[in-house]
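Letter by letter, the sequence shown follows residues 26 to 320 of my numbering.
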Amino acid sequence: MKRILLIPNIKVQNANAISSPYTIGFPAMTAWLGAVHALERKLKPRGFDELQFKSAAVVCHQIDLQTYKGTDDFVHSIIGTGNPLDKNGNRPSFIEEARCHLTVSLVIEYSGVDQDEMPDLFSAVSHLMHAGLKMAAGDILDFGEPSAFKIDSEKAQRALMRKLMPGHCLIERRELMQEAMADGQDAIDAMLDYLKINHVSEQNEQGEVTWAARRKVPGWIVPIATGFHGISELGKASSQRDPDAEHRFAESVVTLGEFVMPYRIDNLDQMLWHYHADLENNLYLCQQNTSTSSS
């Protein structure tokens with residue numbers, strides 16, 4: 026049995042849409058798990074000492090990427106923010122940041138809270154969400170009333186999934202890249218092979234030509250950032266944020282994911298993500314409890 030905390034229809038403004046150094050769009054899974062972890066840390070001092078958020082899923086209901094493409098433009102441009110003028114009346118220098126407005130629901134697997142404590146937990150969650158908690162660096166404008174579910178049967182899971190519709194949950198599809206790399210492709214070629222759109226023409230017996238656009242596999246396949254790979258040894262760095270913690274340089278881990286509608290999820294573990302540290306390979310990852318390929 027799983028105990029689930031649902032925070033539905035969270036409206037987030039100006040979330041960070043740069044999910045990795047190479048991709049722009051839906052915020053990285055590291056950002057969502059980071060928000061869930063921050064919420065857990067803020068709840069513990071409020072009388073929930075045993076509370077533990079074990080894993081989480083994010084379901085996107087709507088997203089508005091802040092980009093613009095003119096009539097004759099070939100690419101989209103980032104819509105920047107109107108920063109205040111400096112003391113001389115000139116526009117200050119700034120780094121362009123991709124932003125998005127979106128509505129999501131968070132599905133959080135939890136433990137350490139008794140049933141009679143749930144009203145207090147709902148109240149504390151609502152207070153913290155209103156008190157300036159950030160999600161993917163964005164501001165929370167509104168959200169639905171938190172609720173709890175005990176997932177001990179298929180019927181209970183269907184009841185939860187109905188609360189998440191319409192929407193799309195993000196799942197990992199790293200097995201696609203693993204299969205392609207096992208056949209000799211390098212990582213970037215394997216990824217692009219699944220993202221590119223192939224235009225194919227067919228001619229019938231009457232000479233009529235029809236065109237079709239398709240990808241290598243069906244589904245809404247996207248590149249996603251799922252963690253970090255350490256590229257330097259652990260040590261101290263000048264002016265590091267935490268003077269007591271060891272520091273290391275890292276780069277993003279990018280793989281393939283897929284947006285699927287919740288009713289297609291057979292097992293709740295297929296949509297839940299958790300932290301995983303592979304210290305032998307210097308990997309700090311977000312990964313799913315159970316992949317769709319192993320179900």
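From the three backbone atoms N, C-alpha and C, an ideal C-beta is built for every residue, glycine too. Note that this is a predicted model, so its numbers are computed, not measured.
* Compare the Cα-Cα distances from Phe78 to each of His299, Met202 and Thr315 and report the closest residue. => When only C-alpha atoms are compared, the closest one is His299.
* Distance between beta carbons of Val279 and Phe253, contact taken as under 8 Å -> With a Cβ gap of about 11 Å, Phe253 and Val279 do not count as contacting.
* State the Cα-Cα distance for the pair His155 and Ile35, rounded to the nearest angstrom. => So the two alpha carbons sit approximately 11 Å from each other.
* To do: Determine the DSSP secondary structure at Arg199, reduced to helix, strand or coil.
  => Reduced to three states, the DSSP call for Arg199 is helix.
* **Whole-angstrom distance between Ser136 and Asn307, CA atom to CA atom** => Each residue's alpha carbon lies about 29 Å from the other.
* **Best match in Asp177, Leu281, Ile133 and Val225 for proximity to Val150 [C-alpha to C-alpha]** => Comparing Cα positions, the closest option is Ile133.
* **Local Cβ density within 10 Å of Gln87, reported as buried at 16 or more and exposed below that** => Burial check for Gln87: the Cβ neighbour count within 10 Å stays below 16, so the residue is exposed.
* Asked: So who's on the other strand from His301, going by DSSP bridges?
  -> Here His301 is bridged, per DSSP, to Leu310.
* Asked: Can you tell me the Cα-Cα spacing of Asp98 and Ala237, whole angstroms?
  -> Approximately 25 Å, taken between the alpha carbons.
* **Residue span of the alpha helix (DSSP H) that contains Glu258, given as start and end** => Unbroken run through Glu258: none, as it is neither H nor E.
* With DSSP run on the structure shown, which of helix, strand or coil describes Thr86? -> In the sequence under discussion, the amino acid at residue 86 is His, which differs from the Thr named in the question. Note: His86 maps to strand in three-state DSSP.
* Asked: Taking the alpha carbon of Ser44 as the point to measure from, which residue in Val37, Pro52 and Gln38 has its own alpha carbon closest?
  -> Of Val37, Pro52 and Gln38, the residue nearest in Cα terms is Pro52.
* Locate the beta strand (DSSP E) running through Lys285, then write down its first and last residues. => First, the residue type needs correcting, since residue 285 is Val and not Lys in the sequence shown. It spans Ala275 to Val285 - the beta strand (DSSP E) in which Val285 sits, taken as one unbroken run.
* To do: Going by CA-CA distance only, name the one from Gln231, Met206, Gly192 and Phe274 that's closest to Cys85.
  => Of the candidates Gln231, Met206, Gly192 and Phe274, the residue whose Cα lies closest to the Cα of Cys85 is Gly192.
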